[in-house]
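J.:
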Amino acid sequence: MSTLSALSKAETRLFLRDPVSVVVAVLLPTLILAGLGAVPALREPFPEIGMAFVAYFAPSLLVISIVQLGLQTLPTSLATYRERGVLRRYSATPVSPLAVLMVQLLVNLVTALLAVALLVAVAVLGFGVPAPQHPLDFALAALLGTSAVFSLGLLIAAVAPRARTAGGIGALAFMVTLFFAGTYLPNFLLPDAVQRIGAFIPPGVSTIKDSWVGTGADPLVLVVMAVTTVGASALAARLFRWE
Amino acid sequence: MPVIEVDKLHKRYRGHVAVQDVSFGVDEGEIFGICGRNGAGKTTTVECVGGLRVPDGGSISVLGLDPVRDRAALRRAVGIQLQASELPDRMRVQEAVELFASFYAHPADPDELIERWGLGGKRTAAFGRLSGGQKQRLSIVLALVGNPRVAILDELTTGLDPQARRDTWSAIEQIRDSGVTVVLVTHFMEEAERLCDRIALIDDGRVVAVDTPDGFVSGLPGGQRLRFRPSAEFPDALLTDLPEVHAVRRKAQTVEVTGRGDLLQAVTSALAVHRVMPVDLRLDQPTLDDAFVALTGRPQGE
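Residue numbers (this note's numbering), protein chains in the order written: chain C, 1 to 243; chain E, 1001 to 1302.
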């Protein structure tokens, strides 16, 4: 078995043993969606937003998966690996600690995309939400938005001196992001200014929503997400401390 | 032929010199101790030997490899157990050993290693649930799973209870007996004395001396001390004339003789010739600790 596949297997196993990540990131958003979708009124078109509430709110729920993994699980586990000398132990073997970092990134990324796919599937098949109207836009928006959030997570892992600090910064970023993504309060209830800022806060919920149930992705937001990804990961790579 | 050669190693951290001039050689198949108080530069030295830090000066050769230039080859041939490096809490013993085995082209058999190091009953136990001694044994297993020719073990027994420490000691002897050269970093003199074939004593970033444990101890002036009550009177000269004897002191009825070499044998034979019986004979052997104090000019704890 090659080293990388053994590492991926080990990290996946560890990930699945952490109930918080699995429940919050993978199951919770879909469960909330199912809960809301069970209310008939929320499946009917809602005059104020021009569509059913479940359809309007589903993209905001999907952000939970992305930010839980990108801003909580990833930075906390990398900072823990550093703090407890796990990266150091790997660095004494033929495996580069960079490989460990990449595998962690990959496991969380794949999980985020699976969670997004699960939510979309349940929304579409179970609760009458239309399938993504602009599938390419949607894929791009979800991928770039997720990458931007994950890069910020890497930046947190890079600069946080301890695992607890990483968890703290991550939790703050988690709450701010969910606020702007309209997960606490649906977007139409938020002031215009907040909505306009929120459009550019990773993962860029309005563009994900527009490509799912609206008129397509806003190219400017996609560019901002791409630039955030490149900038934050470059900075993280520069600042990352291995011990 | 030495498997490790360190020559004039120098390493500085931001404005603080950790290692100034360290040179020593480690022979194949020995347990080589690197001893000194905390902060003396022991860990920095072995981290440079293991290629985990880049020296600022001097040269290092391990199995003919340069730890910085030949980093990849070195990783395959040297097993390193580092201080304070853990595993993820939820990783299980067997998983960890198999994972680390997959990093090497010709690994040892994970099952056999686990069994040999007494972790057979803990295969499915999570790392976070292991005791300190079990974690250390797993650490050794992970350092050995690549079938290394050299094993570097840093402060292996710190924080272990006395029984676990003794278990670890016999484990280290096992490693040596299987033909692996062991570099053991420790600040426990008792451990170094008991295990090491040779020791480099490091103080304040410099090597104070390299010798066998016996060599360190017998090099002490007036190192050994005999005390007894003589069964009959005898003149001091009877003992002070012996080459092994350094001094003779009398305290009330007790005679105290200091000296070196085969002191006990020399003194008892001389007394026997004059039909003097040494009653309540006691021999105080100086320890490596005493040698340490004598060589560095201050006790270990300071």
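No residue lacks a Cβ here, since even glycine has one placed at the ideal position from N, Cα and C.
#1: So what does DSSP say about THR183 of chain C, is it helix, strand or coil?
#2: Tell me the rounded alpha-carbon separation between GLY198 of chain C and PHE180 of chain C.
#3: Just checking, does the stretch 1094-1103 of chain E make contact with the stretch 1135-1142 of chain E on the three C-beta pairs under 8 Å criterion?
#4: Under 9 Å between the Cβ atoms of PHE1103 of chain E and VAL95 of chain C?
#5: Of the residues that make up the stretch 83-109 of chain C, which ones have a beta carbon closer than 9 Å to any beta carbon in chain E?
#6: Does the CB of ASP18 of chain C have a neighbour CB from chain E at under 9 Å?
#7: Could you check the C-alpha separation between VAL1217 of chain E and SER1023 of chain E for me, to the nearest Å?
#8: Enumerate in chain order the residues of its own chain whose CB-to-CB distance from THR1124 of chain E is below 6 Å, with the five nearest sequence positions on each side excluded.
#9: Could you check the C-alpha separation between GLY231 of chain C and GLU11 of chain C for me, to the nearest Å?
#10: For a cutoff of 9 Å on Cβ pairs, would you count TYR1104 of chain E as touching chain C?
#11: Which residues bound the beta strand (DSSP E) around LYS1251 of chain E?
#12: Can you list, in chain order, the residues of its chain with a C-beta nearer than 6 Å to that of ALA1040 of chain E? Leave out the 5 residues immediately preceding and following it.
#13: If you follow the beta strand (DSSP E) that ALA1237 of chain E is in, where does it begin and where does it stop?
#14: Output yes or no for whether 9 Å exceeds the beta carbon distance between PRO45 of chain C and ALA160 of chain C.
#15: With distances taken between CB atoms, is the gap from ARG1198 of chain E to VAL1207 of chain E smaller than 9 Å?
#16: What does the alpha-carbon distance come out to for the pair GLU1302 of chain E and ALA1247 of chain E?
#17: Would you mind giving the Cβ-Cβ distance between LEU1288 of chain E and GLU1193 of chain E, rounded to the nearest angstrom? I have them listed as a contact below 8 Å.
#18: Given a cut-off of 9 Å on the beta-carbon distance, is the pair VAL63 of chain C and PRO203 of chain C in contact?
#19: From this set, C:THR80, C:VAL110, C:ALA226, which residue's C-alpha is nearest ILE156 of chain C's C-alpha?
#20: Using C-beta distances below 8 Å, list every residue in its chain close to TRP242 of chain C, excluding the 5 sequence neighbours before and after it, in chain order.
#21: Does the Cβ-Cβ distance between VAL1185 of chain E and VAL1046 of chain E come in under 9 Å?
#22: Any beta carbon from chain C within less than 9 Å of LEU1119 of chain E's own beta carbon?
#23: Cα separation between ILE1172 of chain E and LEU1195 of chain E?
#24: Taking ALA1237 of chain E as the reference, which of E:LEU1226, E:VAL1257, E:ARG1225 has the closest Cα?
#25: Does the beta-carbon distance from PHE240 of chain C to GLN72 of chain C come in below 9 Å?
#26: Ends of the beta strand (DSSP E) at ASP1167 of chain E?
T.: The short version:
#1: coil
#2: 5 Å
#3: yes
#4: yes
#5: ARG84, GLY85, VAL86, LEU87, ARG88, ARG89, TYR90, SER91, ALA92, THR93, PRO94, VAL95
#6: yes
#7: 21 Å
#8: ARG1092
#9: 27 Å
#10: yes
#11: 1245-1251
#12: ILE1202, ASP1203
#13: Here ALA1237 of chain E belongs to no beta strand (DSSP E); instead the alpha helix (DSSP H) covers 1237-1240.
#14: no
#15: no
#16: Legend: pLDDT at GLU1302 of chain E = 43, less than 50; position of this residue unreliable, value from coordinates given subsequently. So the alpha carbons of these two residues sit roughly 30 Å apart.
#17: 4 Å
#18: yes
#19: C:THR80
#20: ARG82, LEU87, ARG88, SER91, PRO97
#21: yes
#22: no
#23: 8 Å
#24: E:VAL1257
#25: no
#26: Unbroken run through ASP1167 of chain E is the alpha helix (DSSP H), 1162-1177; no beta strand (DSSP E).
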